[in-house]
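K.L.:
Got a structure here, written out as structure tokens. Questions coming.
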Amino acid sequence: MLQVESAQHAAPGFDGPNGHLQPTTAALPSTVLPPNAIASALPDAVPENAPAACPGTDSDQAGLASACAGCPNQAVCSTTPKGPDPDLARIAQRLSRVRHKILVMSGKGGVGKSTFTAQLAWGFSAVAAEEDAEEEQLNAKRRRRTRVRPTQTAVMDLDICGPSIPTLLGLTRANIHQSADGWQPVYVSDNLCAMSIGFLLPSQSSAVIWRGPKKNGLIKQFLLDVDWVGALDEQEDDDDDDGEEEDDDVKMDTKSPPMLDYMLIDTPPGTSDEHLSIVSFLQGSPPSKTQPPQDPSLPAQEVAGLTGAILLTTPQEISLQDVRKEISFCRKMNVPILGVVENMAGFVCPACHGHSDVFYPSTGGAKALCEELGLRFLGSVPLDPRIGRCADEGIGFVEEYPDSPASEAYRNIIDEIRQLAP
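Position 6 of the sequence shown, counted from 1, bears residue number 6 in UniProt numbering, the numbering being contiguous throughout.
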């Protein structure tokens, strides 16, 4: 697990000497974690005298990896009994009220993945959630009118070394609060929240210089210690006090707790420690109610808890090559692939509405790739300079410019995802 260290002390790894992180035992001064705080892993995750590529004492490769050769701790690490991670059950319990957990992945950096994730979150939070059959039946029994419930959406930023979600959602000045139930995610609106290491850095220019085990520790803390659904209970209590009458014979019915509909998990480019960690940590969490149709080549066993992954690419072949590696990763790790999105798919002139290919799809683009590999093509998002402006200002593009061809593309992609993961 991670502790929080005040930035008024030396912050190795960000501003301290030698570029190394040091453990801390400083107590939290208040219930607010200010933006001048950083996260650091507990000292037993990576020994102080460990080599740079140490897999961590909790890893199944501890003492066995090539990086362990010559380490003074190798004998101890290799002989320590390894067992199932006891935190997996706690993670499953913590996320039991998250309906869908969706990875947003890209093979190459710079394809607009974080911007796409943020705009997808804005779009999801702007539409009403579909009432499931159980809730609809309960409302009918109670003789209550069906409420239009907004889609509860969360964004988990796993791009630890390059967090941009706080900026994209307009949360650069936000603080993280800590309660008895854990860290509270930062809310953009009543039904859109986010968690990112960016909220814990001394400044936006602070570098995160971490090895894999420390990244894994932070990801586990995001899953274990963040109270993703606490605010939903408060909203539900407020709704119950609206004065609406129910029949006496159904007043005692047990009410299902509110659910977080979509958790969008923004990942860094490629296939690195962050991807391996989130997949392994979610293995013990409950599966989503509706799993999407799978590619026949996928193994029958799926990663429990993950609804699937959305793969983002640009039209040119250099980007598609890396997406093929992401597809290989998902299939090897049994992660369902919801589909592929082609971003920056040409430019539509706002005056004449003519289309120009900025990035030429020399091999047919993402649609041809999906046809070749039997994957679902979720859609193409054209370039619009106003998307960049909305990203810098931290506002929702679809709501700001609903008539843009890019906004229409986002809405169509959201509809596709909602069909796959209702």
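Ideal Cβ placement from N, Cα and C applies to all residues, glycine included.
1. Short check: CB of residue 424 to CB of D227, under 8 Å?
2. Determine, using beta carbons only, whether I102 and A421 come nearer to each other than 8 Å.
3. Run through DSSP, which three-state label would D181 get?
4. Would you identify the three-state DSSP class for A368, choosing helix, strand or coil?
5. Distance check for D403 and D225, CA to CA, integer angstroms please.
6. On the DSSP bridge list, what partners appear for I337?
7. In this structure, how does DSSP classify G396 when only helix, strand and coil are distinguished?
8. Among I176, S280 and I414, which has the Cα closest to the Cα of G217?
9. Indicate whether the contact test is met: 3 or more Cβ pairs, each with one atom in the segment 407 to 421 and one in the segment 373 to 391, closer than 8 Å.
10. Measure the CB-CB distance between V335 and G308 and report whether it falls below 8 Å.
11. Starting from R97, trace the alpha helix (DSSP H) in both directions and tell me its first and last residue.
12. With a cut-off of 8 Å on the beta carbons, I'd call S106 and L311 a contact; round off their distance for me.
13. Would you check if there are 3 or more beta carbon pairs closer than 8 Å linking the segment 166 to 177 to the segment 386 to 405?
14. On the criterion of 16 or more Cβ atoms from any shown chain inside 10 Å, does G110 qualify as buried, or is it exposed?
15. What three-state label does DSSP hand F359 in the structure shown?
16. I'd like to check one pair, L306 with L120: are the Cβ atoms closer than 8 Å?
17. Expressed to the nearest angstrom, what Euclidean distance is found between the alpha-carbon atoms of H355 and A345?
18. On the DSSP bridge list, what partners appear for F347?
19. Identify whether R189 lies in helix, strand or coil by the three-state DSSP scheme.
20. With 16 other CB atoms within 10 Å as the buried threshold, where does I209 fall?
21. Between G388, Y401, P163 and D415, which lies nearest to D266 when the distance is taken from Cα to Cα?
22. Please classify K325 as buried or exposed, where buried requires at least 16 neighbouring CB atoms within 10 angstroms.
23. Closest by CA to I417, which one among R389, I337, A231 and P361?
24. Where DSSP assigns a beta bridge to Y410, which residues make up the other side?
25. From the DSSP secondary-structure annotation, give me the bridge partner or partners of S106.
26. So which of V398, A194 and A50 has the shortest CA-CA distance to K214?
27. Could you give the C-beta distance for R99 and V229, rounded to a whole number, given that I count them as a contact under 8 Å?
28. Short of 7 Å in beta carbon distance, which residues of its chain neighbour R94, apart from the five on each side in sequence? Order them along the chain.
29. Starting from the C-beta of I414, find all residues in its chain whose C-beta is less than 8 Å away, skip the five residues before and the five after it, and write them out in chain order.
30. Could you check where the alpha helix (DSSP H) with V279 kicks off and where it finishes?
31. Given that a residue counts as buried once 16 or more other Cβ atoms are within 10 Å of its Cβ, and exposed if not, what is H275?
32. Our contact map puts Q419 next to Y360 with C-beta atoms below 8 Å; I'd like the distance itself, whole angstroms only.
33. Alpha helix (DSSP H) containing D322: first to last residue?
34. Helix, strand or coil for A128 per DSSP?
35. Contact check, C161 vs P268 under 8 Å by CB: the rounded distance?
P.N.:
This is what the structure holds:
1. Only positions 1 to 422 of the chain appear in the structure, and residue 424 is not among them; the question remains open.
2. Stepping through the sequence shown from its first residue, residue 102 is reached at position 102. Stepping through the sequence shown from its first residue, residue 421 is reached at position 421. Cβ atoms of I102 and A421: closer than 8 Å.
3. For the purposes of this step, residue 181 is taken as the residue at position 181 of the sequence shown. Reduced to three states, the DSSP call for D181 is coil.
4. Sequence index remark: in the sequence shown, residue 368 carries index 368 (1-based). Here A368 sits in helix by DSSP.
5. Residue 225 sits at position 225 when you count from the first residue of the sequence shown. Residue 403 sits at position 403 when you count from the first residue of the sequence shown. So the alpha carbons of these two residues sit roughly 40 Å apart.
6. Taking the first residue of the sequence shown as 1, we reach residue 337 at position 337. According to DSSP, which records beta bridges pairwise, I337 is partnered with A309.
7. If you number the sequence shown from 1, residue 396 lands on position 396. Correct three-state label for G396: coil.
8. Taking the sequence shown and counting its residues from 1, the one referred to as residue 217 is at position 217. G217 has its Cα closest to that of S280, out of I176, S280 and I414.
9. yes
10. By 1-based counting over the sequence shown, the position of residue 335 is 335. By 1-based counting over the sequence shown, the position of residue 308 is 308. In this structure, G308 lies closer than 8 Å to V335 by Cβ.
11. The residue you call residue 97 lines up with position 97 of the sequence shown. Membership of R97 in any alpha helix (DSSP H) is not indicated, and neither H nor E is assigned to it by DSSP.
12. Mapped onto the sequence shown, residue 106 falls at position 106. Mapped onto the sequence shown, residue 311 falls at position 311. Between L311 and S106 the Cβ distance is about 7 Å, and since that is below 8 Å, they are a contact.
13. yes
14. The residue given as residue 110 occupies position 110 in the sequence shown. It is exposed - the Cβ of G110 has fewer than 16 other Cβ atoms within 10 Å.
15. Counting from 1 along the sequence shown, the entry for residue 359 is found at position 359. DSSP places F359 in coil when its eight states are reduced to three.
16. By one-based count along the sequence shown, residue 120 stands at place 120. By one-based count along the sequence shown, residue 306 stands at place 306. Against a cut-off of 8 Å, the Cβ pair of L306 and L120 comes out as no contact.
17. Here residue 355 is taken as the residue at index 355 of the sequence shown, counted from 1. Here residue 345 is taken as the residue at index 345 of the sequence shown, counted from 1. Whole-angstrom Cα-Cα distance: 10 Å.
18. The residue given as residue 347 occupies position 347 in the sequence shown. In DSSP, F347 forms a bridge with S356 and L383.
19. By one-based count along the sequence shown, residue 189 stands at place 189. Position check: residue 189 holds Ser in this sequence, whereas Arg was assumed. Three-state DSSP puts S189 in a strand.
20. Walking along the sequence shown from the start, residue 209 turns up at place 209. Looking at its Cβ environment, which holds fewer than 16 other Cβ atoms inside 10 Å, I209 is exposed.
21. Counting from 1 along the sequence shown, the entry for residue 266 is found at position 266. Residue nearest to D266 within the set G388, Y401, P163 and D415 is P163 (criterion: CA-CA distance).
22. Residue 325 sits at position 325 when you count from the first residue of the sequence shown. It is exposed - the Cβ of K325 has fewer than 16 other Cβ atoms within 10 Å.
23. Here the question's residue 417 lines up with position 417 in the sequence shown. Minimum Cα distance to I417 is reached at I337.
24. Residue 410 sits at position 410 when you count from the first residue of the sequence shown. Beta-bridge pairing links Y410 to no other residue.
25. Numbered from 1 along the sequence shown, position 106 holds the residue referred to as residue 106. Per DSSP, L312.
26. By 1-based counting over the sequence shown, the position of residue 214 is 214. It is A50 whose Cα lies nearest to the Cα of K214.
27. Mapped onto the sequence shown, residue 99 falls at position 99. Mapped onto the sequence shown, residue 229 falls at position 229. At roughly 11 Å, the Cβ-Cβ gap does not stay under 8 Å, so R99 and V229 are not in contact.
28. Walking along the sequence shown from the start, residue 94 turns up at place 94. Hits under 7 Å: L223 and L224.
29. Taking the sequence shown and counting its residues from 1, one reaches residue 414 at position 414. Result list for I414: L120, G123, F124 and V127, in chain order.
30. Numbered from its first residue, the sequence shown carries residue 279 at position 279. D273 to F281 is the extent of the alpha helix (DSSP H) around V279.
31. The residue labelled residue 275 in the question sits at position 275 within the sequence shown. Buried is the call here.
32. Reading the sequence shown from its first residue, position 419 is the one you call residue 419. Reading the sequence shown from its first residue, position 360 is the one you call residue 360. Going by Cβ atoms, the distance from Q419 to Y360 rounds to 31 Å, so no, they are not a contact pair.
33. On the sequence shown, position 322 is the one that residue 322 refers to. Counted as a single uninterrupted DSSP element, the alpha helix (DSSP H) harbouring D322 occupies residues E317 to K332.
34. Within the sequence shown, numbered from 1, the residue matching residue 128 stands at position 128. DSSP places A128 in strand when its eight states are reduced to three.
35. Here the question's residue 161 lines up with position 161 in the sequence shown. Here the question's residue 268 lines up with position 268 in the sequence shown. Contact between C161 and P268 is confirmed by a C-beta separation of about 7 Å, below the 8 Å threshold.
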